[in-house]
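Residue numbers (the numbering used here), protein chains in the order written: chain A, 238 to 490; chain B, -19 to 287.
See structure below.
Below, the structure is given as structure tokens:
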């Protein structure tokens, strides 16, 4: 293992985060606060309770997941897309490092960044509503698993994209709708039964449900299933990344 | 001594069906400066890209210091520093950060003293804290060289190192290259500027349409293909070359005050003695003479045209 190379890529990417602190950390925190004002205070005052917890409290795990998902994808996709765009990827490809090490460096940095962000948002939420986390270890497990999985997914998008438009397309057209329809702001049980069945095809439902369970022990689907689905998606992403590097897809002629 | 780079039967066919390289065989000796010449699209960059791991070969193999570039890529790549043709740099990082990053990427432990030396050698030391985006094109080029040298490579690839660089800076870069060679680094450079190859290289390879059409010591090449030209300044104006001198294929200058004679240095007889005799017999008086060796450029142009 070329640990120094992993370290170099990781620190390089993290330096980019600190340099773009406003965009990386502050703006998601601001938008999450807005969600709290709009959904938590305005709408929440009419819904009051979902499955025994106040609406404001209920949406916290969903909001954290929303940010972690979208930020993981955008961090990781941009992280690998930019060197391709600027041409500096030549150096990565000519360095004595394995593909596995490249992925650890980029995906590790993207995931770290979104985990930090998730925790900051959680702390921000604590300013609006009282928080209690029943299973902190599981909470962290879900957080880390989701951050890593979607950073990998973002890495794939960043390699696939050959223009800024494509870089935005998947997050905008696929991920955002799935997240909003994934039970961030409501319990799937609140939907009519037909819609409920359709929702179960949405992978994000499992992530949010599992994450919410670690807070309040309430879940739309069983925790085991949540964990299984997340792990399944993680493995699928790993397989695609392995294929990309084996064939040199969009990286090497 | 075994070659430091050994390319055997290397071919590259792109997805479009374009054959960029056709069975290249090339050995690079340890410690030499090798210049690869060729017109645009000849395959220079493709060859370098494959050796450095940026493109995949279609056929054939490459070994760096005995290490296969695919099977043993770590050992092979850690010996190489690459300065590509295009100015690909980060934008917002400082010079120091980007050069240190390169060293880490190649798995070398931190060594601020070495980075300092590289930056000083390339006259970048006072710019070390500047963001790369604020630098001029020539400085960015030197930053890329600094990145390539950051991990102390034994082989340095310079793909068109002085394209778009002013004369002063070009001379400075040649100086750097010579110093590197003196410290034992093998250098492979591609160039459009033939004077650069003529000035720098120990050996010269010419590539055209994906094939190596010539590899030769520079001196031998110049000698072997070197035509010389004798120019004679005349005391009085000539309207035409006298008939008696027709066999020499002399060329009369437009003003009629000079004739030029082409001869081959590798021939046993250059014909100069008899030319001078015949000129005297024809009553032509000479005021001055000089000879000129044809440049590598002439050789190159004639080679590429032949194919």
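In this text, a Cβ means the ideal position worked out from N, Cα and C, and glycines have one as well.
Ordered along the chain, which non-local residues of its own chain (more than five positions away) have a Cβ less than 7 angstroms from that of residue i?
i: residue 60/B; result: 32, 44, 133, 135, 137
i: residue 345/A; result: 247
i: residue 391/A; result: 309, 310, 311, 312, 313, 314, 347
i: residue 322/A; result: none
i: residue 38/B; result: -9, -8, -7
How far does the alpha helix (DSSP H) with residue i in it reach, from first residue to last?
i: residue 224/B; result: Premise fails: residue 224/B is in no alpha helix (DSSP H) and is neither H nor E.
i: residue 455/A; result: Residue 455/A -> no alpha helix (DSSP H), and no H or E assigned at all.
i: residue 481/A; result: 460 to 484
i: residue 270/B; result: Per DSSP, residue 270/B belongs to no alpha helix (DSSP H); it is in the beta strand (DSSP E), 266 to 273.
i: residue 123/B; result: 117 to 129
i: residue 293/A; result: 292 to 323
i: residue 101/B; result: 92 to 101
i: residue 238/A; result: Unbroken run through residue 238/A: none, as it is neither H nor E.
i: residue 354/A; result: 336 to 365
i: residue 143/B; result: Element bounds for residue 143/B: n/a, residue is neither H nor E.
i: residue 154/B; result: 147 to 162
i: residue 417/A; result: 413 to 417
i: residue 428/A; result: Residue 428/A -> no alpha helix (DSSP H), and no H or E assigned at all.
i: residue 406/A; result: 401 to 407
Using the Cα positions of residue i and residue j, report the straight-line distance between them to the nearest angstrom.
i: residue 447/A; j: residue 471/A; result: 15 angstroms
i: residue 488/A; j: residue 16/B; result: 26 angstroms
i: residue 127/B; j: residue 207/B; result: 42 angstroms
i: residue 230/B; j: residue 251/B; result: 12 angstroms
i: residue 285/B; j: residue 168/B; result: 24 angstroms
i: residue 342/A; j: residue 303/A; result: 24 angstroms
i: residue 41/B; j: residue -12/B; result: 5 angstroms
i: residue 177/B; j: residue 184/B; result: 7 angstroms
i: residue 263/B; j: residue 272/B; result: 25 angstroms
i: residue 250/A; j: residue 258/A; result: 12 angstroms
i: residue -1/B; j: residue 179/B; result: 32 angstroms
i: residue 477/A; j: residue 358/A; result: 31 angstroms
i: residue 423/A; j: residue 438/A; result: 17 angstroms
i: residue 260/B; j: residue 253/B; result: 11 angstroms
i: residue 258/B; j: residue 182/B; result: 41 angstroms
i: residue 24/B; j: residue 484/A; result: 24 angstroms
i: residue 225/B; j: residue 218/B; result: 13 angstroms
i: residue 19/B; j: residue 190/B; result: 11 angstroms
i: residue 316/B; j: residue 333/A; result: This structure cannot settle anything about residue 316/B, because the visible part of chain B is limited to -19 through 287.
Per the DSSP calculation, residue i is bridged to which residue(s)?
i: residue 62/B; result: 137/B
i: residue 241/B; result: 210/B
i: residue 185/B; result: 16/B, 195/B
i: residue 169/B; result: 15/B, 138/B
i: residue 42/B; result: -13/B
i: residue 48/B; result: 43/B
i: residue 74/B; result: 111/B
i: residue 287/A; result: 290/A
i: residue 232/B; result: 239/B
Identify which residue in the options has its Cα closest to the Cα of residue i.
i: residue 479/A; options: 268/A, 336/A, 249/A, 299/A; result: 336/A
i: residue 8/B; options: 28/B, -3/B, 200/B; result: 28/B
i: residue 450/A; options: 407/A, 375/A, 405/A; result: 375/A
i: residue -18/B; options: 49/B, 10/B, 103/B; result: 10/B
i: residue 363/A; options: 243/A, 266/A, 466/A, 490/A; result: 266/A
i: residue 170/B; options: 74/B, 22/B, 70/B; result: 22/B
i: residue 46/B; options: 159/B, 259/B, -16/B; result: -16/B
i: residue 350/A; options: 387/A, 371/A, 327/A, 324/A; result: 387/A
i: residue 209/B; options: 235/B, 232/B, 122/B, 244/B; result: 244/B
i: residue 156/B; options: 3/B, 253/B, 13/B; result: 13/B
i: residue 125/B; options: 113/B, 115/B, 141/B; result: 141/B
i: residue 378/A; options: 321/A, 452/A, 458/A; result: 452/A
i: residue 172/B; options: 65/B, 223/B, 85/B, 224/B; result: 65/B
i: residue 268/A; options: 301/A, 412/A, 290/A, 279/A; result: 301/A
i: residue 382/A; options: 432/A, 417/A, 411/A, 444/A; result: 444/A
i: residue 121/B; options: 91/B, 152/B, 93/B; result: 152/B
i: residue 395/A; options: 273/A, 299/A, 326/A, 275/A; result: 326/A
i: residue 281/B; options: 186/B, 84/B, 50/B; result: 186/B
i: residue 72/B; options: 369/A, 468/A, 252/A; result: 252/A
Provide the residue span of the beta strand (DSSP E) that contains residue i, from first to last.
i: residue 258/B; result: Element bounds for residue 258/B: not the beta strand (DSSP E) but the alpha helix (DSSP H), 252 to 261.
i: residue -7/B; result: -15 to -7
i: residue 33/B; result: Looking at the DSSP string, residue 33/B is not in any beta strand (DSSP E), and its letter there is neither H nor E.
i: residue -1/B; result: -1 to 8
Can you name, in chain order, every residue of its own chain whose Cβ lies under 8 angstroms from the Cβ of residue i, other than the five neighbours on each side?
i: residue 289/B; result: The structure shown does not extend to residue 289/B, since chain B is modelled only from -19 through 287, so no value can be given for it.
i: residue 146/B; result: 118
i: residue 105/B; result: 96, 99
i: residue 35/B; result: -8, 26, 29
i: residue -6/B; result: 0
i: residue 413/A; result: 307
Can you give me the Cβ contacts of residue i inside the same chain, cut-off strictly under 6 angstroms, excluding the 5 residues immediately before and after it?
i: residue 109/B; result: 74
i: residue 57/B; result: 33
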